[in-house]
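Report on one structure; see the data block that follows.
2 protein chains.
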Amino acid sequence: MNPNDLQPTTPWHLAERAEAMNPSAIREILKVTERPGILNFAGGLPSPETFPVDAMRDACATVLGKDSAIAKPSLQYASSEGLPELRQWVADEMGKHGATVSPEQVLITTGSQQGLDLIAKVLLDKGCRLLVESPTYLGALQAFTPMQPRIESVASDDEGVLPEALRAQLEDMKEPARFMYLLPNFQNPTGRTMLEARREAVLAVCRERGLPIVEDNPYGELWFDQPPPKPLLARWPEGVIYLGSFSKILAPGLRLGYVIAPPALYSKLLQAKQAADLHTPGFNQRVVVEVIKDGFLDQHVPTIRARYHAQRDAMLAALARELGPTGAEWTRPVGGMFVWVRLPEGLNAQALLPKAVDAGMAFVPGAPFYASEPDARTLRLSFVTSTPAQIDQGMAALGKVVRATLMR
Amino acid sequence: MNPNDLQPTTPWHLAERAEAMNPSAIREILKVTERPGILNFAGGLPSPETFPVDAMRDACATVLGKDSAIAKPSLQYASSEGLPELRQWVADEMGKHGATVSPEQVLITTGSQQGLDLIAKVLLDKGCRLLVESPTYLGALQAFTPMQPRIESVASDDEGVLPEALRAQLEDMKEPARFMYLLPNFQNPTGRTMLEARREAVLAVCRERGLPIVEDNPYGELWFDQPPPKPLLARWPEGVIYLGSFSKILAPGLRLGYVIAPPALYSKLLQAKQAADLHTPGFNQRVVVEVIKDGFLDQHVPTIRARYHAQRDAMLAALARELGPTGAEWTRPVGGMFVWVRLPEGLNAQALLPKAVDAGMAFVPGAPFYASEPDARTLRLSFVTSTPAQIDQGMAALGKVVRATLMR
Numbered sequence: 001m002n003p004n005d006l007q008p009t010t011p012w013h014l015a016e017r018a019e020a021m022n023p024s025a026i027r028e029i030l031k032v033t034e035r036p037g038i039l040n041f042a043g044g045l046p047s048p049e050t051f052p053v054d055a056m057r058d059a060c061a062t063v064l065g066k067d068s069a070i071a072k073p074s075l076q077y078a079s080s081e082g083l084p085e086l087r088q089w090v091a092d093e094m095g096k097h098g099a100t101v102s103p104e105q106v107l108i109t110t111g112s113q114q115g116l117d118l119i120a121k122v123l124l125d126k127g128c129r130l131l132v133e134s135p136t137y138l139g140a141l142q143a144f145t146p147m148q149p150r151i152e153s154v155a156s157d158d159e160g161v162l163p164e165a166l167r168a169q170l171e172d173m174k175e176p177a178r179f180m181y182l183l184p185n186f187q188n189p190t191g192r193t194m195l196e197a198r199r200e201a202v203l204a205v206c207r208e209r210g211l212p213i214v215e216d217n218p219y220g221e222l223w224f225d226q227p228p229p230k231p232l233l234a235r236w237p238e239g240v241i242y243l244g245s246f247s248k249i250l251a252p253g254l255r256l257g258y259v260i261a262p263p264a265l266y267s268k269l270l271q272a273k274q275a276a277d278l279h280t281p282g283f284n285q286r287v288v289v290e291v292i293k294d295g296f297l298d299q300h301v302p303t304i305r306a307r308y309h310a311q312r313d314a315m316l317a318a319l320a321r322e323l324g325p326t327g328a329e330w331t332r333p334v335g336g337m338f339v340w341v342r343l344p345e346g347l348n349a350q351a352l353l354p355k356a357v358d359a360g361m362a363f364v365p366g367a368p369f370y371a372s373e374p375d376a377r378t379l380r381l382s383f384v385t386s387t388p389a390q391i392d393q394g395m396a397a398l399g400k401v402v403r404a405t406l407m408r
Numbered sequence: 001m002n003p004n005d006l007q008p009t010t011p012w013h014l015a016e017r018a019e020a021m022n023p024s025a026i027r028e029i030l031k032v033t034e035r036p037g038i039l040n041f042a043g044g045l046p047s048p049e050t051f052p053v054d055a056m057r058d059a060c061a062t063v064l065g066k067d068s069a070i071a072k073p074s075l076q077y078a079s080s081e082g083l084p085e086l087r088q089w090v091a092d093e094m095g096k097h098g099a100t101v102s103p104e105q106v107l108i109t110t111g112s113q114q115g116l117d118l119i120a121k122v123l124l125d126k127g128c129r130l131l132v133e134s135p136t137y138l139g140a141l142q143a144f145t146p147m148q149p150r151i152e153s154v155a156s157d158d159e160g161v162l163p164e165a166l167r168a169q170l171e172d173m174k175e176p177a178r179f180m181y182l183l184p185n186f187q188n189p190t191g192r193t194m195l196e197a198r199r200e201a202v203l204a205v206c207r208e209r210g211l212p213i214v215e216d217n218p219y220g221e222l223w224f225d226q227p228p229p230k231p232l233l234a235r236w237p238e239g240v241i242y243l244g245s246f247s248k249i250l251a252p253g254l255r256l257g258y259v260i261a262p263p264a265l266y267s268k269l270l271q272a273k274q275a276a277d278l279h280t281p282g283f284n285q286r287v288v289v290e291v292i293k294d295g296f297l298d299q300h301v302p303t304i305r306a307r308y309h310a311q312r313d314a315m316l317a318a319l320a321r322e323l324g325p326t327g328a329e330w331t332r333p334v335g336g337m338f339v340w341v342r343l344p345e346g347l348n349a350q351a352l353l354p355k356a357v358d359a360g361m362a363f364v365p366g367a368p369f370y371a372s373e374p375d376a377r378t379l380r381l382s383f384v385t386s387t388p389a390q391i392d393q394g395m396a397a398l399g400k401v402v403r404a405t406l407m408r
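Chains as they are written, first to last, in our numbering: chain A, 1 to 408; chain B, 1 to 408.
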């Protein structure tokens, strides 16, 4: 414990794990970016234009209607597992993606972030090994870190972890890793996707070495030209815990996600869930069931895809125009929310940020997304919150500060 | 780890702390009690008749209205601290109870159960000492246990922990305890309340020995004849973390609670909150702010008090009639939701339960509420879910099985 954390007169004594919780670098950065007038490409905020306000209003009116039989049940304590209708919907939906899932394997969570927290509690001991992509989702690192695992990055390319690097790393290990955390579709922060052959090659190593996988899929529905390959869960049901979310296809402010777990693990995750918050708000679950029950998402999600597709196109075109001549590199995501940029040699994204903010735009430096050995030249841009015109303007500002910094 | 928990072929390996999570005894019991036709005094479910469905429906319509400026913000990601208006409301409300609280000390949580979980993460190490009342709230034990503290009960009477027993226990301790968990108002499970002199006497020991307190107050507003003495937080601001909830004054299905923490601890709890679920659903927070903003609770809460008061009276009268001659004892709560019964010598509440269910009523055996040395004669009855007529009928059934068992 850092003795400076608490004043000497305080009666409180922090847990050792609290020391592993540090003020989120990204959180501090985001505060800077919230200055009025700044074009913000830093956050991972879905476009509010995609939020189904009318459908939500109608659903609330139905659930709480004067003759509604579910008004009072929606406001009462509910089961920790989640609403049966919603668990059934998730199981059916996974079936469409090639995975055989029973509703009894579905645990409704308060956002998929809570799924990561429950997994950390149930599977991670102090000092145990845990594998992640390089870079990986910062929120997962925040959920895992308090349980004090030793987090190791696996060398990754533009499709995620490299199977041969993974194999070599597993052979080096004196003890097995508890699991590997993967985000196969339109990854946060890089936007990259594991294609069919990569999925099979990584799974072959995992199966062979008995390394289970936590598969996080918040963005899978946000594909542009074609759906991503089928989930890892569909390929290795007993070796994969799967996380899904309603945040990107309906609205994040509902905090609705889910975990799909092999039966052997489900009861422990459920016990952790019960201790964590008893259950996810039943009202939110009832309202979402009401919104989605008649195929609403079949109409709604394509409108989100089309919007983000156009915004991605605008960003890639603007990046080519503004950063193309500078030697910078960036990903070409086929779905999701993010582009990952690597600045020209000699530049540092963290150092560039204040200049970019002065020029009117904000991004997130890439370093906090690395569990080890950060690449200080990287940064993350979200293309979902801004219009194509704002994207043009923001990338022009970024291009200007990059070129100005290079010329010094 | 229990090797039977997972099949030998599974690639998963549980964390040591998962072993401390056991299927909740009470959860298994509650399943038995959910048989149709059983008068259920087992659960701690607020009466659905108190849920403000009309006000909730209106608030949802306002928040999501066609011209609402907060419709989309209510569905977007939000700050981990909680909605400023709600934090301000909590701070103002605490002022009315004699505690000087800044909104910056208020962390909105997904039910107050989440507050217990965050406190456990931030303050408990494996093997550290932790003090609780005897008996204490089962959900708190479930939140604390996964962090593997050594939980010690402090001898308690019908006003909670005994100051002299606490003093002696602290002197015996080789190491200080991290905190003491207290539920001073209408405690779950006993219904007991710490009166003014007891609060001061316990606090004197805590202050003298530097033992901080976690004060849990979900039931404080549910008083019958007069409000309880002012909270411990008002008496020792730097030594108390306070937990509150909207579950009993509005509706539990919203999952809205809060933690009030000394500034030195707030940032760690906030970091734990962010990792746990990013933030509590913003939609729920906006709707509740809309419901309560014009003094709604000043009209609403008295109706809940009157209802539960009448139901408590019915239960105490029925208990006197049915159990009075048997030698059983029970508490006389002046607020809250629960009566705690101690059966006559020779009876065991767990053994009695199946007979009670066969006779048409259910209670919760008291044993799971003890951190150590359970009193097998105790049981908990909730008087809030049933009407006075149902209470009469249920207590008659309980009296019948108690008398029948005594006669054997």
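Glycine included, each C-beta is placed from N, C-alpha and C at the ideal position.
So that I know if they touch, is there some Cβ in chain A lying closer than 8 Å to that of residue i?
i	result
Pro-3 of chain B	Unreliable placement is indicated for Pro-3 of chain B, whose pLDDT of 40 sits below 50; no coordinate value is reported for it.
Ser-74 of chain B	yes
Pro-146 of chain B	yes
Arg-178 of chain B	yes
Phe-51 of chain B	yes
Ala-18 of chain B	yes
Val-122 of chain B	yes
Ala-42 of chain B	no
Asp-77 of chain B	Reading off the sequence shown, one finds Tyr at residue 77 of chain B, where the question assumed Asp. It does; some Cβ of chain A falls within 8 Å.
Asp-117 of chain B	yes
Met-337 of chain B	no
Report yes if the CB atom of residue i is closer than 8 Å to the CB atom of residue j, and no otherwise.
i	j	result
Glu-256 of chain A	Met-56 of chain B	One point to set straight first is that residue 256 of chain A is Leu, not Glu, in the sequence displayed. No. Outside cutoff.
Phe-283 of chain A	Thr-136 of chain A	no
Ser-247 of chain A	Gly-111 of chain A	yes
Gln-178 of chain B	Leu-123 of chain B	In the sequence as presented, Gln is not what sits at residue 178 of chain B; that position holds Arg. A contact, by the Cβ cut-off of 8 Å.
Gln-113 of chain B	Asp-277 of chain A	yes
Gly-253 of chain A	Leu-86 of chain B	no
Ala-367 of chain A	Lys-121 of chain A	no
Val-341 of chain B	Thr-378 of chain B	yes
Pro-262 of chain A	Pro-231 of chain A	no
Gln-105 of chain B	Ile-260 of chain B	yes
Val-240 of chain A	Ala-71 of chain B	no
Leu-130 of chain A	Phe-144 of chain A	yes
Leu-39 of chain A	Met-361 of chain A	yes
Ile-391 of chain A	Gln-311 of chain A	yes
Gly-95 of chain A	Thr-280 of chain A	no
Is there a Cβ of chain B sitting closer than 8 Å to that of residue i, yes or no?
i	result
Pro-237 of chain A	no
Leu-14 of chain A	yes
Leu-45 of chain A	yes
Whose C-beta lies closer than 8 Å to the C-beta of residue i among residues of the same chain, with five residues either side of it excluded?
i	result
Asn-2 of chain A	Low per-residue confidence applies at Asn-2 of chain A: pLDDT is 46, beneath 50, and the placement is therefore not dependable, though the value from the model is reported in the following sentence. These residues qualify, in order along the chain: Glu-19.
Glu-196 of chain A	Pro-229
To which residues of the same chain is residue i closer than 6 Å at the C-beta, ignoring the five residues directly before and after it?
i	result
Asn-185 of chain A	Thr-193, Asn-217, Tyr-219, Gly-220 and Pro-228
Where does residue i land, buried or exposed, given buried means 16+ other C-beta within 10 angstroms?
i	result
Asn-4 of chain A	Low confidence applies here, because Asn-4 of chain A scores a pLDDT of 41, under 50, leaving its location unreliable; read the following figure in that light. Exposed is the call here.
Glu-290 of chain A	buried
Lys-268 of chain A	buried
Arg-408 of chain A	exposed
Arg-332 of chain A	exposed
Glu-171 of chain A	exposed
Asp-117 of chain A	buried
For residue i, which residues of its own chain have a beta-carbon under 7 Å away from its beta-carbon, when the five flanking residues on both sides are left out?
i	result
Gly-399 of chain A	Glu-322 and Leu-323
Ala-91 of chain A	Val-101, Ser-102, Pro-103 and Val-106
Ala-15 of chain B	none
Indicate whether at least one CB of chain D lies closer than 8 Å to the CB of residue i.
i	result
Ala-264 of chain B	The structure shown contains no chain D; the protein chains it does contain are A and B.
* Where are the beta strand (DSSP E) runs, 3 residues long or more, that stay fully inside the stretch 346–396 of chain B, in chain order? -> 378–382
* Asked: For the stretch 208–252 of chain B, which segments carrying the beta strand (DSSP E) assignment without a break, of at least 3 residues, lie completely within its bounds, in sequence order?
  -> 213–216 and 240–245
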